[in-house]
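Here the sequence shown is numbered in this note's numbering, starting from 4 and rising by one per residue.
Notes follow once the structure below has been shown.
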Amino acid sequence: MKIQNKATLELSHDEMKSYGYEVVDAIVDHFSTQNEKLPVVSGTRKEMEALFLEEAPETPSDPKKVLDFVLQEVMTKSNIVSHPKSYSFVPGPSNYISAMADSLTAGFNIFSGGWQASPAAAQMEIVAMNWLLKMFGFPQKKGGGIFTSGGSMANLTALVTARRVKCGDDFSKAVIYLSDQAHSSNIKAIRVLGFRKEQIRIIPTDGEFKFSLNKLKNAIAKDRLEGLQPFCLIATAGTTNTGTVDPLSDIAKICKKEDVWFHIDGAYGGFAILSEDGKQLLKGIGKADSLTIDPHKWFYQPYEIGCLLVKNHKWLKGTFTEKPEYLRDIEGNESEINFYDHGIELTRRFRALKFYMSVKTFGMGEFRQAITYNIKLAEATEDFLRSSSNWEVISPATLAVINFRYNPIGNKLSEKQLDALNQRISQNVVDSKQALLVTTVLNGQVVLRMCLINPRTTLDDVKETIALCESFAEETTV
4 MKIQNKATLE
14 LSHDEMKSYG
24 YEVVDAIVDH
34 FSTQNEKLPV
44 VSGTRKEMEA
54 LFLEEAPETP
64 SDPKKVLDFV
74 LQEVMTKSNI
84 VSHPKSYSFV
94 PGPSNYISAM
104 ADSLTAGFNI
114 FSGGWQASPA
124 AAQMEIVAMN
134 WLLKMFGFPQ
144 KKGGGIFTSG
154 GSMANLTALV
164 TARRVKCGDD
174 FSKAVIYLSD
184 QAHSSNIKAI
194 RVLGFRKEQI
204 RIIPTDGEFK
214 FSLNKLKNAI
224 AKDRLEGLQP
234 FCLIATAGTT
244 NTGTVDPLSD
254 IAKICKKEDV
264 WFHIDGAYGG
274 FAILSEDGKQ
284 LLKGIGKADS
294 LTIDPHKWFY
304 QPYEIGCLLV
314 KNHKWLKGTF
324 TEKPEYLRDI
334 EGNESEINFY
344 DHGIELTRRF
354 RALKFYMSVK
364 TFGMGEFRQA
374 ITYNIKLAEA
384 TEDFLRSSSN
394 WEVISPATLA
404 VINFRYNPIG
414 NKLSEKQLDA
424 LNQRISQNVV
434 DSKQALLVTT
444 VLNGQVVLRM
454 CLINPRTTLD
464 DVKETIALCE
474 SFAEETTV
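Structure below.
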């Protein structure tokens, strides 16, 4: 019986070229003009449904019309996280080379799970991983790691590994420690792993938002006396709220003495190690058993690319290797790494390519300069705020994060009124769409938070935003 299929989901050669040129032109135009646009957009569920809600079409549409619709209605209705005045959460500055690398990855549809499927992709991930191991002082021969979708998956991968190495199959008495400033992804990972609430110790931080070592020691001692098993501690290298780095060297000594797995969540601040100031703040980071870093944050990569580094690559393989029958022909030899054996994902996109291509194109020196600039910009912002009678710095510039609030000298506002005023300032700034500047809460106070990791953000951008805040503050208090 002869079977013929016309549904090949293809365009002609010329149609593909024309379509591709339009996509690239749109991306180039975005990179070239993003600084001139407003960084904030808004849209209600009702408005979005009016634009997009429809049944899946049965018949084809003109590819050009579909692309035009997406460019006009989708790409214009998302915040520009790479905008110089996008200060909130952790901005995503990105870079064009990495964006194009992602296009290559998707276009060639590279499977980056096993060696046999793509030895080049696997080897490139090994090379990139070795660069990172060296950067953070991890052993290059014995150490290992894996690229993940982001810091959340890297933290989950680390905790699965720590549990297996330290607890084996029985983790009923295991206890894990983290501070009240640890990232929420760690709590989520702990829940995913099935730990009960009573197995989690959230240790209060000190006045500088750092892990309180005395409270940590007391908690570990108490748990041991109660017959429990302290097995893992999560420290933070650059908290999201304040950029604070926990006392890593001191914590490393405690973990070594207590035989506790030492995991560092450096998703935000880890790459500050490339600057001299950052290197000092991150002293002791190489003493971790595992380390999460997030290239799509402060290494200027597009989403998604997180990373987990470990002291011993065998820990990952021993935790995640499964040998189903359908993979038995592609196991290869011991030197050929199958990264699906080092993490949770079997199907993996070729994330290493954008990291590799951007480093090769720009060189590590340019990344160092950009990260150093970000740290200096935050410090200059702090100086500017302190020179004004209108602003109070609540948490000083640390790893490019600064927290402050509007609190003019001589004001007669209560703490509750100050909270409401700063919340309104933030809301008015966001509503104006001229900047993305939202609040956080520190020591019970509502404060404005700036994360200044965009290398295109200038001090003038910051000053303009502060002036905007002051104009809204004056309107509110008149």
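Beta carbons are placed, not taken as given, at the ideal position from N, Cα and C, and that holds for glycine.
- With three or more CB-CB distances shorter than 8 Å, the stretch 428-442 counts as touching the stretch 90-104.
- With a threshold of 16 other beta carbon atoms within 10 Å, Trp318 meets it and is buried.
- Check the Cα spacing between Ala157 and each of Asn189, Gln126, Tyr180: the tightest is with Asn189.
- With fewer than 16 other Cβ atoms from the protein chains shown falling within 10 Å of its own Cβ, Gln143 counts as exposed.
- For the pair Leu349 and Cys235, the CB atoms are not nearer than the 8 Å cut-off.
- When DSSP states are grouped into helix, strand and coil, His16 belongs to the helix group.
- For Gln372, the enclosing alpha helix (DSSP H) covers residues 367-389.
- Beta-carbon to beta-carbon, Val404 and Cys454 are separated by about 5 Å, close enough to satisfy the 8 Å threshold.
- Here Leu70 is near Glu25, since their CB atoms are less than 8 Å apart.
- Annotation: the continuous alpha helix (DSSP H) that includes His316 extends over 316-323.
- Between Gly153 and Glu52, the CB-CB gap reaches or exceeds 8 Å.
- As the crow flies, the alpha-carbon of Lys137 is around 18 Å from that of Trp301.
- If you draw a straight line from the Cα of Thr11 to the Cα of Asn98, it is about 34 Å long.
- Linking Pro411 to Asn446 through their CA atoms gives a straight-line distance of about 19 Å.
- When DSSP states are grouped into helix, strand and coil, Gly281 belongs to the helix group.
- For the options Ala381, Ser417, Glu478, Asp463, the alpha carbon positioned closest to that of Ile456 is the one of Ala381.
- In this structure the stretch 410-424 does not touch the stretch 42-58; the number of beta carbon pairs closer than 8 Å is below three.
- For the beta strand (DSSP E) assignment, the stretch 39-76 encloses no uninterrupted run of at least 3 residues.
- Sixteen is the threshold: when 16 or more other Cβ atoms of the shown chains lie within 10 Å of the Cβ of Asp344, as they do, the residue is buried.
- Trp394 is bridged by DSSP to Tyr409.
- Excluding residues up to 5 positions away in sequence, Glu385, Ile405 lie with their Cβ nearer than 8 Å to the Cβ of Pro399 in the same chain.
- Per the C-alpha coordinates, the member of Glu477, Ile83, Phe111 positioned closest to Pro94 is Ile83.
- Per the C-alpha coordinates, the member of Ser391, Arg389, Cys472, Asp464 positioned closest to Glu39 is Asp464.
- The closest CA to that of Lys436, considering only Val43, Lys5, Tyr22, Lys20, is found on Val43.
- Under the DSSP assignment, Phe111 falls in the alpha helix (DSSP H) whose first and last residues are 99-111.
- At the C-beta level, Leu311 and Gly148 come within 8 Å of one another.
- The beta carbons of Leu219 and Ile257 sit about 7 Å from each other, so the pair counts as a contact at 8 Å.
- When C-beta atoms of the stretch 195-210 are compared with those of the stretch 171-186, three or more pairs fall below 8 Å, so the two segments count as touching.
- In the DSSP assignment, Thr164 falls within the alpha helix (DSSP H) that extends over 154-170.
- Between Asp262 and the set Val168, His186, Arg459, Phe212, the nearest pair of CA atoms involves Val168.
- Note on geometry: alpha-carbon atoms of Leu216 and Val313 lie some 24 Å from one another.
- Using a 10 angstroms sphere on the CB of His16, the tally of other CB atoms stays under 16, which defines it as exposed.
- For the set Ala29, Val450, Thr36, the Cα lying nearest the Cα of Arg459 is the one of Thr36.
- In this structure, the straight-line span from the alpha carbon of Val432 to that of Ala291 is close to 40 Å.
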